[in-house]
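Numbering-wise, the sequence shown is residues 0 to 756 according to numbering that gives the first Met the number 0. Before any comments, here is the structure.
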Amino acid sequence: MAGGAALPVRRLLLLLLQLLALPAGRGSRAGPDSLYVSEYFSQSAQKLSFYSWYGNAKLFHFRVPEDTVLLRWLLQASRGKGPECTNMEITVHFRYGAPPVINPLGTHFPANATVPPSYSLSMALRGTTQNNTFVNISTPAAGDWFIAAHLPQAAGRIEVKADMFVLRLPEMPVLEPGVAVPQTIPSPAKPLHVKVFVPKHAAGMRLELRSCLTREQKACAVRVVLGSITLPQSFQRILTCTGNTSCSLALESPPWEKWMQIMVESLGAASANVSVEMLASFTACRPGSTSSFVNFSSLNQSQTGPRPGSPGAAGSPALPSGEASHNASAQRSFCLQTQPVVREDLDVVSVRYRLLNGPGVPVHTISPTLLLLNLNTGMDSGGSLVVNLLLNKTSVSLGNASVVGCVSAASPVLSLNATRNCSTAFFQGYPLSLSTSSAEAMLIVLYPQTDDWFLSLQLICPQGQGECNSAEAKVTVFAYLTPCFNDCGPYGQCSLLRRHGYLYAGCSCKAGWGGWSCTDDSKAQSIGVQNLATLLLTLSNLMFLPAIAVAVYRYYLVEASVYTYTMFFSTFYHACDQPGVAVMCIMDYDTLQYCDFLGSVVSIWVTILCMSRVKKILKYVLFLLGTLLIAMSLQLDRRGVWNMMGPCLFALIIMIAAWVYHGVKRSRCYPSSWKRWVFYLLPGITLAFIAISVYAFMETNENYYYTHSIWHVLVASSVAFLLPPRDKHKKPWAWSQKLTCRYQICQNDREELYAVT
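Below you can see the structure in the form of structure tokens.
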């Protein structure tokens, strides 16, 4: 469990039992042999932020154990320090198997992309500092569950913490396929939970209830629920049985190689004890292979395999006449053709599926062609699954014939006729279609759930399948998993996000582009606006030239070097930071960004220290030591607010202390010249405060190009005003005296004496 651990403290256990409505003690028995076990999992709180791209949503990842019959989430939203009168709505999304695909801004998704729905709720903070919300789910699906939370608008510091309570039935009864098993329902308040293992290549499942009687041997009424709940859509199948006659429910394409939960609850009196006989049976699909590399044995040939209840167990009991005829026809010919697929892991959330027989797949009318796309590693749900189909040719002219495909999870669709929709027992698949008029089809599944995915292909003849029995179509299949579809395009950046070791990807868009893959151009900037923005952000750094000239003129060579460094890297960082066509990178983007941030903070640091007029040896020690500490701080958190505030405050304290010292020593205000205050210090301080105000309060994503350019101009101009005058004993531009080889008069700064050299 990511970020979770069972709590051994009795006090918390009592609280948990109270939340789950269980009596305190070891557990609660649902029957003579059933014992519930309660568990608690928690994850640390995360600070929420305004949603502008998926990286702003805070993700929680939980793993629900097997045999869980009740799940309860506790969501705790708390407000940090700040005004409490502000009302705030927090949006929380839930999804099983993969992170929720959300679109709070209402932007467009890329073409051919599917948008899996997610369950959403709102938590309100209205004048309070905390809000607790519970979410209850009975018979939840076992596996990965994800919760995403975000704020709809900018606000103060708000944190969300997610806790998960589960109630498990570790000794859940197991149905043996083909064997009628008697079961007892103690009361309507305590339903019966059983499970059955669905074997591989199961085409259908049939559940039958017999001899449903109460303790008084009267006819009973029960409700049977097959499958587990997945948010927001649940494909549970419900069967209501009344009387003592047999009733049954058939499922097509049940999930392969998984445990299926079955819940039976009594609809009678509260004290009625109900007994029922349950029988589960499966129909087998006989697979064939067109490859010499892989051959699958049919399900009917493995009846002497593992015992029932083990992962390899299967049964083939007698079936009704319709299903028996279907099974008999399957014995004469394969009910599906398999194509061997190799999974190649390329990088993080990056997989390519390669067909051993080549990309061309033969498709027939008699049985579907099946391809397995393995996405069950637990780390594949954070990307986008792309399936691209191309109809190459057909053996004969088929007219209106078409190739129908279906992409589904957990189990394949084994019958792709013209009237059947693309769905399995518990999953709504994604249909695809190819024809002579539309020879290409693409499907993009955003954040596919963790499972085995299947691609089923079959040739369909509208005039009748008999006319196409000898026909064959060739379909080229390209399937891959990518972190971001199309790498977010030219106006976006694909970023890998991490939460407790789980990796997922998202697109950060620029230049007004938006959407999941930065394909929404409703607010996109034109090429002219992009060029103007690049010119503003880069050429505004030339305002450092006056500051550099003043520093050199006043003999502050170290400060001039720092300003030159800042101007250079700020110019080329902003030239590289622009999206689209108006971009130029002279080195790695991350290196340019780090050097720009470092130069900006160090420039402020050396300017304030230079204004303090401390001794040279102390000044240069502070220069070097401060630069090293600033470099370390930027490496730890490049965008931390104290990276700039810390050096500024510390340097201001040193400057104020030095000015007070000079004023006390001279018994008058320092600096003493009113001209220095009126024409230099006050204009420089005013420009600096305006720059800080623009940077802190006016800069947004929309006006970033203009406000940040103004920031460059104001900061560089303020430096030229704030630099102190040169030393009285220093002559400007005295390079000829420094470089000549002759006797000259030199000044000793320390002893203020003159010597002949």
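Virtual Cβ for every residue (Gly too), placed ideally from N, Cα, C. Bear in mind that the values here come from a model prediction, so they are computed numbers and not experimental data.
Inter-residue spacing [alpha-carbon to alpha-carbon] between residue 641 and residue 65 = On the sequence shown, position 642 is the one that residue 641 refers to. On the sequence shown, position 66 is the one that residue 65 refers to. Approximately 46 Å, taken between the alpha carbons.
Using alpha carbons as the reference points, say which of 376, 403, 381 lies closest to residue 369.
-> One-based indexing of the sequence shown puts residue 369 at position 370. For residue 369, the nearest C-alpha among the options comes from 403.
Among the residues of its own chain, which have a CB less than 7 Å from the CB of residue 481, if the five just before and after it don't count?
-> Residue numbering aside, residue 481 sits at position 482 when the sequence shown is read from its first letter. For residue 481, where only same-chain residues beyond five positions count, the Cβ hits under 7 Å are 349, 382, 383, 385.
Select from 245, 233, 189, 228 the residue whose C-alpha is nearest the C-alpha of residue 212.
-> To locate residue 212, count along the sequence shown from 1; it is residue 213. Nearest of 245, 233, 189, 228 to residue 212, Cα basis: 245.
Taking the CB atoms as reference points, tell me whether residue 109 and residue 649 lie closer together than 8 Å.
-> Along the sequence shown, one-based indexing puts residue 109 at 110. Along the sequence shown, one-based indexing puts residue 649 at 650. No, the Cβ-Cβ distance between residue 109 and residue 649 is not below 8 Å.
Residue 540 classed as buried or exposed, judged by whether at least 16 other C-beta atoms fall within 10 angstroms | Your numbering for residue 540 matches position 541 in the sequence shown. That one is buried.
Residue interval of the alpha helix (DSSP H) (run including residue 595) | The residue you call residue 595 lines up with position 596 of the sequence shown. That run of the alpha helix (DSSP H) goes 588-611.
Buried or exposed: which applies to residue 87, given that a residue is buried once 16 or more other Cβ atoms fall within 10 Å of its Cβ?
-> On the sequence shown, residue 87 is found 88 positions in, with the first residue counted as 1. It counts as buried.
Would you mind sorting residue 145 into buried or exposed? The rule is 16 or more other CB atoms within 10 Å of its CB.
-> Looking up residue 145 in the sequence shown gives position 146. It is buried - the Cβ of residue 145 has at least 16 other Cβ atoms within 10 Å.
Could you name the residues of the same chain whose beta carbon sits closer than 6 Å to that of residue 712, not counting the 5 residues immediately before and after it, in chain order?
-> Sequence index remark: in the sequence shown, residue 712 carries index 713 (1-based). Cβ within range, chain order: 539, 542.
How is the beta strand (DSSP E) around residue 365 delimited, first residue to last?
-> Position 366 of the sequence shown, counted from the start, is the residue given in the question as residue 365. Run containing residue 365: none; DSSP gives neither H nor E here.
The beta strand (DSSP E) enclosing residue 661, as first and last residue numbers = Position 662 of the sequence shown holds residue 661. Careful: residue 661 lies outside any beta strand (DSSP E), inside the alpha helix (DSSP H) at 641-665.
Given a cut-off of 8 Å, decide if residue 335 and residue 366 are closer than it, judged by their beta-carbon atoms.
-> Within the sequence shown, the letter at position 367 stands for residue 366. Within the sequence shown, the letter at position 336 stands for residue 335. Yes; because the gap between Cβ atoms is below 8 Å, this pair is in contact.
Identify the continuous alpha helix (DSSP H) that holds residue 412 and give its terminal residues.
-> Translated into positions along the sequence shown, residue 412 becomes position 413. No alpha helix (DSSP H) contains residue 412, which DSSP labels as neither H nor E.
Assign residue 279 to one of three DSSP states: helix, strand, or coil.
-> To locate residue 279, count along the sequence shown from 1; it is residue 280. Residue 279: strand per DSSP, three-state reduction.
Taking the alpha carbon of residue 778 as the point to measure from, which residue in 199, 583, 665, 444 has its own alpha carbon closest?
-> The shown model of the chain, from 0 to 756, leaves out residue 778, and the question about it has no answer.
Would you report the Cα separation of residue 551 and residue 618, rounded to the nearest angstrom?
-> Mapped onto the sequence shown, residue 551 falls at position 552. Mapped onto the sequence shown, residue 618 falls at position 619. Computed Cα separation, rounded: 17 Å.
Pick helix, strand or coil for residue 545, following the three-state DSSP scheme.
-> Translated into the one-based positions of the sequence shown, residue 545 becomes position 546. Helix.
In angstroms, rounded to a whole number, what distance separates the CA positions of residue 189 and residue 209?
-> Residue numbering aside, residue 189 sits at position 190 when the sequence shown is read from its first letter. Residue numbering aside, residue 209 sits at position 210 when the sequence shown is read from its first letter. So the alpha carbons of these two residues sit roughly 20 Å apart.
Coarse secondary structure for residue 480, derived from DSSP in three states | Position 481 of the sequence shown, counted from the start, is the residue given in the question as residue 480. Strand at residue 480.
In terms of alpha-carbon separation, which member of 491, 43, 656 lies closest to residue 613?
-> Numbered from 1 along the sequence shown, position 614 holds the residue referred to as residue 613. Residue 613 has its Cα closest to that of 656, out of 491, 43, 656.
Check whether the Cβ atoms of residue 164 and residue 358 sit closer than 8 Å, and answer yes or no.
-> Counted from its first residue, the sequence shown places residue 164 at position 165. Counted from its first residue, the sequence shown places residue 358 at position 359. Not a contact, by the Cβ cut-off of 8 Å.
Determine the direct distance from the alpha carbon of residue 719 to that of residue 686, and round the result to whole angstroms.
-> Position 687 of the sequence shown holds residue 686. Position 720 of the sequence shown holds residue 719. Taking the straight line from one Cα to the other gives about 11 Å.
Under three-state DSSP, which class holds residue 566?
-> Here the question's residue 566 lines up with position 567 in the sequence shown. Helix.
Beta carbon of residue 721, beta carbon of residue 610: below 8 Å?
-> Stepping through the sequence shown from its first residue, residue 721 is reached at position 722. Stepping through the sequence shown from its first residue, residue 610 is reached at position 611. Against a cut-off of 8 Å, the Cβ pair of residue 610 and residue 721 comes out as a contact.
Using only alpha-carbon positions, find the residue among 56, 69, 580 that is nearest to residue 38.
-> What you label residue 38 is simply residue 39 of the sequence shown in a count that begins at 1. The option with the nearest alpha carbon to residue 38 is 69.
Out of 194, 183, 73, 187, state which residue places its alpha-carbon closest to the alpha-carbon of residue 174.
-> On the sequence shown, residue 174 is found 175 positions in, with the first residue counted as 1. Checked all of 194, 183, 73, 187; the closest Cα to residue 174 is 194.
Confirm, please, whether the CB-CB distance from residue 229 to residue 140 is below 8 Å.
-> Position 141 of the sequence shown holds residue 140. Position 230 of the sequence shown holds residue 229. It is a contact, given that the beta carbons lie within the stated cut-off.
Determine the extent of the beta strand (DSSP E) in which residue 492 is found, giving its start and end residues.
-> On the sequence shown, residue 492 is found 493 positions in, with the first residue counted as 1. Taken as a continuous stretch (DSSP letters only), the beta strand (DSSP E) holding residue 492 covers 491-498.
Using alpha carbons as the reference points, say which of 501, 639, 704 lies closest to residue 62.
-> On the sequence shown, position 63 is the one that residue 62 refers to. Answer by Cα proximity: 501.
Have a look at residue 497 and residue 503 and give me their C-alpha separation to the nearest angstrom.
-> Taking the first residue of the sequence shown as position 1, residue 497 is located at position 498. Taking the first residue of the sequence shown as position 1, residue 503 is located at position 504. C-alpha separation (whole angstroms): 6 Å.
Three-state secondary structure (DSSP) at residue 638?
-> Position 639 of the sequence shown, counted from the start, is the residue given in the question as residue 638. Note: residue 638 maps to coil in three-state DSSP.
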